[in-house]
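**Q** Heads up: the sequence shown begins at -4 in the working numbering, then just goes up one per residue.
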Amino acid sequence: MRIGIISDTHDNIPKIRAAVDLFNRAGVDAVLHCGDFVAPFALLSFTDLACKKFHAVFGNNDGEKTGILKLAAQKGWNIGPAGMDVAFSGKKIIMLHEPDRIDTALNSGCDIILYGHTHKPKAEHKNGCLLLNPGEGGGWLSGTATVAVLDLKTMAAEFHEVGGSPIRPM
């Protein structure tokens, strides 16, 4: 199973559409968003995902949460607070936005911790757990929008520049 991971899209619709296209071409089975989509309309482009599994957590810049949750309910998406956990292929995944809760999450017996907020792509192993930040999906701060695709069978992560090719395999 392969999952697409994105964070910090900050209402950048063209980059979200490009990320959705990349995830569809990569054949991901689910997409996980680590927060800061910002407004409900920013989530609408995710309806074009070929996969139907979409999970997200709120970030520190997400406004209009009522509208976001209403849209999620209509689409059958799972959107909740940071710290939400999901499971795929026998792997327990904890979704955060800010990295300040990583140490606590490491003690929960999870296999993978996903987070955003820093806008910097990063993957590392700590205490037998994969910590992964896909970078910034919106590309506003660095000028480069990035996402990650994670193969849950091999636990290999690949970072992609949205609209580009792989930038750093792990």
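The beta carbon of each residue, even a glycine, is placed where N, CA and C say it ideally should be.
Using only the alpha-carbon positions, how far apart do C175 and I88 sit?
**A** Look at the range of the chain in this structure, -4 to 165, and you will see that residue 175 is not part of it.
**Q** Return helix, strand or coil for F32, following the three-state DSSP convention.
**A** Reduced to three states, the DSSP call for F32 is coil.
**Q** Run through DSSP, which three-state label would R163 get?
**A** Note that R163 scores a pLDDT of 46, beneath 50, so its modelled location is shaky; the value from the coordinates is reported in the next line. In the structure shown, R163 sits in a strand (DSSP, three-state: E or B).
**Q** Determine which residues share a DSSP beta bridge with R(-3) and list them.
**A** Per DSSP, D146.
**Q** Using a Cβ-Cβ cut-off of 7 Å (strictly less than) and excluding sequence neighbours within five positions of T139, which residues of its own chain qualify?
**A** The residues are E156.
**Q** Go to D80, then tell me how far its beta strand (DSSP E) extends in each direction, as first and last residue.
**A** Segment M79 to F83, the beta strand (DSSP E) holding D80.
**Q** Along the chain, which unbroken stretches of the alpha helix (DSSP H) at least 4 residues long are found entirely within the segment 95 to 136?
**A** Complete alpha helix (DSSP H) runs here, min 4: 97 to 101.
**Q** Out of I(-2), N19, D43 and H28, which has the shortest C-alpha to C-alpha gap to H5?
**A** Out of I(-2), N19, D43 and H28, H28 has the C-alpha closest to the C-alpha of H5.
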